[in-house]
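Number of protein chains: 2
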Amino acid sequence: MLEERKLEVLRAIVEDYVATQEPVGSKTLVERHNLSVSPATVRNDMAALEEEGFIAQPHTSAGRIPTDKGYRLFVDRLAKVRPLSAAEKRAITTFLDGAVDLDDVVQRSVRTLAQLTRQVAVVQYPSLTRSTVRHVELVALAPDRLLVVLITSTGRVEQRVVETGTDVGESLLGDLRARINLACLGERLVDAADRLADIPETFEPDDRPIVSAVTGTLVEAFSDERSDERVAVGGTANLRHFGDDFDRSIRPVLEALEEHVVLLQLFGAASPRAITVRIGHEVPYEELSSTSIVASGYGPDDDTLATLGIVGPTRMDYPGAMAAVRAVAQYVSQRLSED
Amino acid sequence: MLEERKLEVLRAIVEDYVATQEPVGSKTLVERHNLSVSPATVRNDMAALEEEGFIAQPHTSAGRIPTDKGYRLFVDRLAKVRPLSAAEKRAITTFLDGAVDLDDVVQRSVRTLAQLTRQVAVVQYPSLTRSTVRHVELVALAPDRLLVVLITSTGRVEQRVVETGTDVGESLLGDLRARINLACLGERLVDAADRLADIPETFEPDDRPIVSAVTGTLVEAFSDERSDERVAVGGTANLRHFGDDFDRSIRPVLEALEEHVVLLQLFGAASPRAITVRIGHEVPYEELSSTSIVASGYGPDDDTLATLGIVGPTRMDYPGAMAAVRAVAQYVSQRLSED
DNA sequence: GACTGGCACTCATCAGGCCCGAGTGCCAAC
DNA sequence: GTTGGCACTCGGGCCTGATGAGTGCCAGTC
Chain A
1276 MLEERKLEVL RAIVEDYVAT QEPVGSKTLV ERHNLSVSPA TVRNDMAALE
1326 EEGFIAQPHT SAGRIPTDKG YRLFVDRLAK VRPLSAAEKR AITTFLDGAV
1376 DLDDVVQRSV RTLAQLTRQV AVVQYPSLTR STVRHVELVA LAPDRLLVVL
1426 ITSTGRVEQR VVETGTDVGE SLLGDLRARI NLACLGERLV DAADRLADIP
1476 ETFEPDDRPI VSAVTGTLVE AFSDERSDER VAVGGTANLR HFGDDFDRSI
1526 RPVLEALEEH VVLLQLFGAA SPRAITVRIG HEVPYEELSS TSIVASGYGP
1576 DDDTLATLGI VGPTRMDYPG AMAAVRAVAQ YVSQRLSED
Chain B
1276 MLEERKLEVL RAIVEDYVAT QEPVGSKTLV ERHNLSVSPA TVRNDMAALE
1326 EEGFIAQPHT SAGRIPTDKG YRLFVDRLAK VRPLSAAEKR AITTFLDGAV
1376 DLDDVVQRSV RTLAQLTRQV AVVQYPSLTR STVRHVELVA LAPDRLLVVL
1426 ITSTGRVEQR VVETGTDVGE SLLGDLRARI NLACLGERLV DAADRLADIP
1476 ETFEPDDRPI VSAVTGTLVE AFSDERSDER VAVGGTANLR HFGDDFDRSI
1526 RPVLEALEEH VVLLQLFGAA SPRAITVRIG HEVPYEELSS TSIVASGYGP
1576 DDDTLATLGI VGPTRMDYPG AMAAVRAVAQ YVSQRLSED
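Just so you know, the protein sequences line up as chains A and B, in that order. First residue of the first sequence: 1276, per the working numbering; consecutive thereafter. First residue of the second sequence: 1276, per the working numbering; consecutive thereafter.
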């Protein structure tokens, strides 16, 4: 009885605080959540919860607000992921179905996510390094200038220009193109890089510098970190939920959003195919310690190619956010599996 | 004597207000700008300036602030573009020189611009439709599936997959590739689309459906509006300069920044190769009427392929902003001319 | 032993009242 | 045309007191 009610009180506090953004006191709590006990009893429970570190008072004679630890407990034990309404599901599907290519899928996902959660949404482009090679094309732009085009399983295209120094014959070009594709097709980019290592040796010594230049460029493209950095961000107007102290609460978030590297770090550690929630100080970036992140990996079939999620104040609607993130991740994953 | 001093007073008011963000009164004005007249005289001039609509009082017994009209006059007649310091120039050059490809140039430009002006920076990706065709490549992904790759003079790459329905022979493929490139190479995309129209007729009737599918896709890629929409945004943390009323001043800007279409409209009308300044109500978007935009076109040689610039509060350092925008636009243009 | 009602106490918030000073317009004098 | 003087305005800062939500504790009840 006692433990159970304490949890119930915590849930009520979290829900109330998230809704009103104001510290919640014993009396209003009893009124709003028709708990069948008196405010005094609730006060005792609150005192216990505070003792255990789940809630705190901003100042004496104010109501209580949940601590990070309190939110943690809430998310782990009290919150069931709120199922989306049929209308919401339909909205997701119809809007995302309209996407014409990978870029568009990502763009639309980010918008959808921002709209559903009313938070800032972040979607990482499918990772280049974890996807596979669909095709490599070599194009002679000039006799001594090659364009190397890499197409991945997710439909992404990377291109590089290689200055070969000497002219490249048509037959060598065809030969090289064939051997590269033979070696790499269907391989994950990380593995494909290994396969390329041996290729130069299979050519005539005279041609090896050219071949090496090309394979070197490809290896570079395969492992290029910059390609991993691409993310789409949306719903920044929802930053208002962070409060009105620009420098203390909004600015760090904006800065983090522009620092894609930081962003990827925040989201990157999301475990595959499960919803990760990081609350307040759990976020591995000091400036964002009053921020929470709800993220999920996604990708075709059961691979995790990239991550998407939302950033919001710790005081957020976790069940709703988790539901939205899960739904969009599932949709995008399915979409990637089809192509 | 009289007209000239009035202008001088206006300049002083603008400069002071931009620096302090506070309405400026006659006394402080005389002190800070060592005008060789008395406050009373300045008051007379201010009364005249107010009469003419160049300045206004937020409320009685407060100092004056410039109106949009006042800023306009300032920009047109009083402001000389402040030359950048050698250090600033060097910073631009060294940072931008490090860019490895088109994406990187754009990314770095946006950062540089944001940093120099301490405002929000926007750089439009070089327009696809106004650039020229460098190369078109056709790749057989499967017998009945072609990948069409378009490379433009700005180094941008677009790719499309075409389902041909029937198998495509190697010789037809080579022939088609050759004729397409012959027709389009060096043409502006808009013109290239016209050149493609006649190509199907030059093939055997049996092959025409395939050829048409390919050229149709290319024409689509040439004129694809979506490709025109890409922009990079940076320095959003500088939104703080807009004030602290999130909903009234910051939010509309954030929303506009996410609406790339709106953004392009705002920047798109920038006249080629000249610096355009839009002040307050001159900005063609109601919500941004307390906002100014400083923009410039850029592109290789004397073409204008796209636009870049900054968005800030009307109360901004116009000479500095104009200098920075001009410098970055020049640099990027030069960079595009080289490749 | 768990719950409840009552009570004294704390403190953030808000409205009202006050003063201060920057800034103005006007006018008479130079 | 310029200047010094003067009376007036009014927003902002600061203090004050009232208000009320909220608390902890304690004694009483089931």
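No residue lacks a Cβ here, since even glycine has one placed at the ideal position from N, Cα and C.
Residue 1512(B) belongs to the set of residues whose beta carbon lies under 8 Å from a beta carbon in chain A.
The segment 1371–1423 of chain B is shown to contain whole beta strand (DSSP E) runs of 3 or more residues at 1395–1399, 1408–1417, in chain order. Here residue 1324(A) is buried, its C-beta having at least 16 other C-beta atoms within 10 Å. Judged by DSSP in its simplified three-state form, residue 1433(B) adopts strand. Annotation for residue 1345(B): the continuous alpha helix (DSSP H) segment containing it runs 1343–1348. Listed as beta-bridge partners of residue 1569(A) by DSSP are 1552(A), 1585(A). Between residue 1606(A) and residue 1506(A), the gap from beta carbon to beta carbon reaches 8 Å or more. Comparing alpha-carbon positions, the option among 1417(B), 1388(B), 1495(B), 1462(B) lying closest to residue 1434(B) turns out to be 1495(B). Straight through space, the alpha carbons of residue 1536(B) and residue 1305(A) are spaced by roughly 49 Å.
Taking 8 Å as the cut-off, the Cβ atoms of residue 1459(B) and residue 1472(B) do not count as close.
If you look at residue 1509(A), you'll find it isn't in any alpha helix (DSSP H); it sits in the beta strand (DSSP E) that goes 1506–1509. Apart from the 5 residues on each side of it in sequence, residue 1600(B) sits with its Cβ closer than 8 Å to the Cβ of 1388, 1392, 1550, 1569, 1570, 1571, 1583, 1584, 1585 in its chain, given in chain order. Here the alpha carbon of residue 1308(A) sits roughly 27 Å from the alpha carbon of residue 1361(A). Using a CB distance cut-off of 8 Å, residue 1515(A) counts as an interface residue toward chain B.
Within the DSSP bridge table, the entry for residue 1438(A) names 1420(A) as partners.
In the displayed model, residue 1361(B) falls within a helix according to three-state DSSP. For the segment 1516–1548 of chain B, the beta-carbon criterion of a distance under 7 Å to any beta-carbon of chain A is satisfied by 1519, 1521, 1522, 1526, 1529, 1530, 1533. In this structure, residue 1519(B) and residue 1519(A) form a Cβ contact; the two beta carbons are roughly 7 Å apart against a cut-off of 8 Å. The count of Cβ pairs closer than 8 Å, one atom from the segment 1373–1387 of chain B and one from the segment 1344–1360 of chain B, stays below three, leaving the stretches out of contact. Against residue 1461(B), chain A offers no close residue; the least beta-carbon distance is about 13 Å (beta-carbon pairs closer than 7 Å). The DSSP-derived three-state label of residue 1339(B) is strand.
The beta-bridge partner set that DSSP reports for residue 1463(B) consists of 1407(B). Comparing alpha carbon positions, the residue from 1420(B), 1340(B), 1396(B), 1431(B) closest to residue 1378(B) is 1431(B). CA-to-CA, the gap between residue 1592(B) and residue 1286(B) works out to about 12 Å.
Note that the C-beta distance between residue 1538(B) and residue 1532(B) is below 8 Å. Minimum Cα-Cα distance from residue 1573(A) among the listed residues 1555(A), 1559(A), 1542(A) corresponds to 1542(A). The beta carbons of residue 1351(A) and residue 1556(A) sit no closer together than 8 Å. The Cβ of residue 1359(B) sits no closer than 8 Å to any Cβ of chain A. Among the residues facing chain B, residue 1434(A) is included, as its CB has a counterpart in that chain under 8 Å away.
Note on residue 1299(A): 16 or more other CB atoms within 10 angstroms of its CB, so buried under the neighbour-count rule. By the criterion of a C-beta distance shorter than 7 Å, residue 1504(B) is surrounded in its chain by 1535, 1536, 1539, once the five residues flanking it on both sides are discounted. Taking the Cα positions, residue 1291(A) is about 14 Å away from residue 1589(A). Around residue 1494(A), no beta-carbon contact reaches into chain B at under 8 Å, the shortest distance being about 15 Å. A straight-line Cα-Cα distance of about 23 Å links residue 1436(B) and residue 1480(B). For the C-beta of residue 1426(B), the chain A residues within less than 7 Å are, from N- to C-terminus, 1422.
In the three-state scheme derived from DSSP, where H, G and I count as helix and E and B as strand, residue 1312(A) is classed as coil.
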